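This report concerns only the one structure given below.
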Amino acid sequence: MTRTPFDPSSSILLQALHQRATDRVPVWFMRQAGRSLPEYRAVRGVESILKVLEQPDLAAEITLQPVRRYGVDAAILYSDIMAPFANLNIGIDIVPGVGPVLDEPLRTHHDLRRLRAVDPSTDLLAMMDTVDLCVKELNVPLIGFCGGPFTVASYLVEGRPSRTHTTIKRLILEEPRLFDQLASRLVDISVSTLAAQVAHGASVVQIFDSWIGTLSPWMFRTALLPHLQRLAIETTALGVPVIYFGVETAGLLDDLAGLGFTALGLDWRTDLNAVVDRLGTNIALQGNLDPSILLAPREVLLTATEDILMASARVKGYIFNLGHGILPETDPDNVAAVVDFVHRRGTELRSRIEP
Ligand code: CP3
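Per this note's numbering, the sequence shown runs over residues 1 to 355.
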């Protein structure tokens, strides 16, 4: 197979992130690599994802699978928001069917001493080898990523996935200075992780702050905003577009749009038209199809896709994606049908004048 090396000027994803007009609407999916793909299940095995990530050949293969199958406009590195912490000796694992788990969660000033800085040249060797392998094979951008400070702090402090995030919220309220130290350290780890991914050829990065929407606007502004401001400044300085994504962020969108990230990723609980009314047309947006709609009959699925494409018409930079990750029970043929529809009809639908 002859490969055309990746040419950034030909990437419709990069063009959209720079708010330039594109011939076709770019599309990729969060969790496009994963349990919905038979070729993933064939190579994955049953061990923790952290074990897979120690094998760059396998992690790169998994990263490339959805690009081959779907012809999406980007690959997203197969890794995890907790992967940068795997070599820090903090007793972390990612348990299949559960998620990130810590033997001893970090909750005190004393515990925080266990969280040292990440040195990519020693701590992220397998991740960097994976990035190198992917970039060599790809003719679309590789999206690097990290977790956002609240979401990562929640896993480290709760010690396991939490629906209510009570322990981390209590820590924010009772020991704001301890939380500040933790969040500062997490921003540093995010920036060094993303900087290393970019140095190895990632041409876009996304910050997954999935659980940020569990905060009230007040707690968001007092506890997280300064940290996210620094994160935005230091990541946009890396020279590649930066997408910030969280779920249930409707109450925070105005604050988030002011941070200076290149684009915001939207979940599916907000109406795209209403978001554009609120934020204006000058920030790039990504999303926001409900992942469960990929389980719907084909006609329903394509009607919902069409609605989103039309609603995106006023946004200069728009990237089609879901509002969260692909569900494991999704039929890959439905994903393929959406990619085809977005590529074939997206530009025309976006050019229709609003009624
Ligand atoms: O989007 C992609 O395809 C890239 C790969 C990716 C993974 N995790 C692989 C993974 C990305 C971007 C993530 C980020 C991540 N990890 C987030 C933010 C995005 C989101 O979904 O909100 C979060 C909250 C995590 C933490 C985490 N890791 C959870 C909650 C789980 C689920 C546990 C389970 O088995 O149900 C994981 C494990 C994980 N990370 C899987 C994958 C594909 C599950 C399957 C596996 O172990 O291979």
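Even glycine gets a Cβ: it sits at the ideal position worked out from N, Cα and C.
Values in this document were obtained by computation on a predicted structure and should not be read as measured data.
{"Item": "6 angstroms CB neighbourhood of G159 in its chain, flanking five on each side removed", "Value": "L102, P105"}
{"Item": "Check whether P291 and G323 have beta carbons under 8 angstroms apart", "Value": "yes"}
{"Item": "Simplified DSSP assignment, three categories, for N87", "Value": "coil"}
{"Item": "CB-CB length for G148 against L194, believed under 8 angstroms", "Value": "Rounded, the Cβ-Cβ distance is 12 angstroms, inconsistent with contact."}
{"Item": "At least 3 beta-carbon pairs within less than 8 angstroms: the region 207 to 221 vs the region 122 to 136", "Value": "no"}
{"Item": "N-terminal and C-terminal residue of the beta strand (DSSP E) that F145 is part of", "Value": "142 to 147"}
{"Item": "Euclidean distance between Cα positions of P297 and Q32", "Value": "20 angstroms"}
{"Item": "Collapsed DSSP secondary structure at Q379 in the structure displayed", "Value": "In this structure the chain extends from 1 to 355, so residue 379 is not present and cannot be described."}
{"Item": "Nonlocal neighbours in the same chain, by C-beta distance under 7 angstroms from V411, ignoring five residues either side", "Value": "The requested residue 411 is not part of the displayed model; the chain covers only 1 to 355."}
{"Item": "Endpoints, the beta strand (DSSP E) within which N321 is located", "Value": "318 to 322"}
{"Item": "8 angstroms contact criterion, which L294 and L327 should meet: CB distance rounded", "Value": "7 angstroms"}
{"Item": "Helix, strand or coil at S283 [DSSP, three-state]", "Value": "Correcting the residue identity first, residue 283 is Ile in this sequence and not Ser. In this structure, I283 counts as coil in the three-state DSSP scheme."}
{"Item": "CA nearest to the CA of A59, picked from R44, L228, Y155", "Value": "R44"}
{"Item": "Top-ranked residue by Cα proximity to A83, from V67, A126, D73", "Value": "A126"}
{"Item": "Proximity test, R69 beta-carbon vs ligand 1 heavy atom, cut-off 7 angstroms", "Value": "no"}
{"Item": "Beta carbon of P5 nearer than 8 angstroms to that of L14", "Value": "no"}
{"Item": "Cβ shell of Q181 (< 7 angstroms), same chain only, five flanking positions each side left out", "Value": "L112"}
{"Item": "Runs of alpha helix (DSSP H) lying entirely within the region 216 to 283, each at least 4 residues, in chain order", "Value": "225 to 236, 253 to 257, 272 to 279"}
{"Item": "Any 3 or more C-beta pairs closer than 8 angstroms across the region 251 to 271 and the region 282 to 291", "Value": "yes"}
{"Item": "Cβ pair count under 8 angstroms reaching 3, the region 85 to 99 against the region 44 to 56", "Value": "yes"}
{"Item": "Three-state secondary structure assigned by DSSP to Q206", "Value": "strand"}
{"Item": "Rounded C-alpha distance that separates P355 from R269", "Value": "Reliability of the predicted coordinates at P355 is poor, the pLDDT of 43 falling under 50, and the value obtained from them is presented with this limitation in mind. P355 and R269: Cα-Cα distance of roughly 23 angstroms."}
{"Item": "Pair within 8 angstroms by beta-carbon distance, E175 and L64", "Value": "no"}
{"Item": "For G251 and R24, believed in contact at Cβ under 8 angstroms, the rounded distance", "Value": "Actually they are not in contact, since the Cβ atoms of R24 and G251 sit about 33 angstroms apart, beyond 8 angstroms."}
{"Item": "Test item: CB-CB of D188 and A117 under 8 angstroms", "Value": "yes"}
{"Item": "Counted within 10 angstroms of its Cβ, other Cβ atoms place R185 as buried (16 or more) or exposed", "Value": "buried"}
{"Item": "Among S312, E299, F245, N288, nearest to N321 - alpha-carbon criterion", "Value": "N288"}
{"Item": "Cβ-heavy atom distance, T249 to ligand 1, below 7 angstroms", "Value": "no"}
{"Item": "Backbone secondary structure at P355 - three-state DSSP", "Value": "Because P355 carries a pLDDT of 43, less than 50, the predicted location of this residue cannot be relied on, and no value is offered for it."}
{"Item": "A173, buried or exposed, once every other Cβ within 10 Å from all chains shown has been counted against 16", "Value": "Here residue 173 is Leu; the residue named in the question, Ala, does not match the sequence. Flag for L173 reads exposed."}
{"Item": "Residue from T303, Q197, G246 with nearest C-alpha to L77", "Value": "Q197"}
{"Item": "Cβ-Cβ separation, V152 to T167 (assumed contact under 8 angstroms), whole Å", "Value": "Not quite, the Cβ-Cβ distance comes to about 14 angstroms (not below 8 angstroms), so this is no contact."}
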